[in-house]
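Just so we're aligned, residue 0 is where the sequence shown starts under numbering that gives the first Met the number 0, counting upward by one.
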Amino acid sequence: MRSFEELVAEAEAADVGGWDFGWLDGRATEERPPWGYARRLAGRLAEVGSALDLDTGGGEVLAQAPILPSRTCATESWPPNAQRARDRLAQRGVAVVETAPGEALPFADDAFALVSSRHPVRPAWGEIARVLEPGGRYLAQHVGPASAFELIEHFLGPRHPQAEA
C-alpha cells in the first residue's frame with residue numbers, strides 16, 4: 000500500500016486544469032443530483048439566441064451541449080482554465096473572455112437571453128441582471144462556502160458553517 004505522502008504527492012502533480020479530475024477515475028465516487036445540470040443547460044441553450052456562461056472552468060459543461068446559440072460567450076478568471084476553455088470551445092464559435100473577480104462583466108446591457116453558471120460561489124447579481132435581456136433567464140447550480148462540510152470536517156475536524164460563510 001502506498002503511503003499518505005505518496006498519494007498527496009500524486010494528487011499535487013495531477014493536471015486538474017478545466018476541473019478535470021479524470022485521475023480519480025475508479026478511485027473516488029460522487030453522487031450527482033438526478034436532474035442533471037448539463038442536460039438542463041443544454042435544453043435551455045437550444046431555446047435561446049444568445050447565452051453567457053459565467054465561470055466556465057475549462058468549458059467542459061458548455062461543450063457538452065449539442066446546440067449552442069448563434070451568440071455564445073463564456074467567462075473564466077483562472078488563466079489556465081480560460082486557455083483550456085478557448086481551446087475547447089473555439090471550434091464551436093464561443094468567445095471566451097478572461098475576467099477578474101469583482102469587476103464588471105465586459106458585455107453590454109441586455110446582451111443575453113440566458114446567463115448560466117454551474118458553480119457560482121459569489122454571484123455578481125447586479126452584473127447578471129444588467130447583462131440579461133428583459134425576460135431573460137438565469138440558470139445555475141449554486142454551491143458556496145458552506146458546501147461539502149462532511150468532506151471538509153473529515154480532513155480539518157469540526158467546523159462551524161456560520162463562521163466559514
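Note that beta-carbon positions come from the ideal geometry of N, C-alpha and C, so glycine has one too. Keep in mind it's a predicted model, so treat the numbers as computed, not measured.
- If you check the CB distance, Ala103 and Glu126 come in under 8 Å.
- Boundaries of the beta strand (DSSP E) harbouring Asp52: Ser49 to Asp52, taken from the DSSP string.
- The criterion of a C-beta distance shorter than 8 Å is not satisfied by Arg70 and Gly42.
- Secondary structure at Gly21: helix, using DSSP grouped into helix, strand and coil.
- Of all C-beta pairs linking the stretch 58-73 to the stretch 25-32, fewer than three are shorter than 8 Å, placing the two stretches out of contact.
- About 7 Å separates the beta carbon of Ala139 from that of Arg117, a gap short enough to meet the 8 Å contact definition.
- By the CB criterion at 8 Å, Glu59 and Arg87 fall inside the cutoff.
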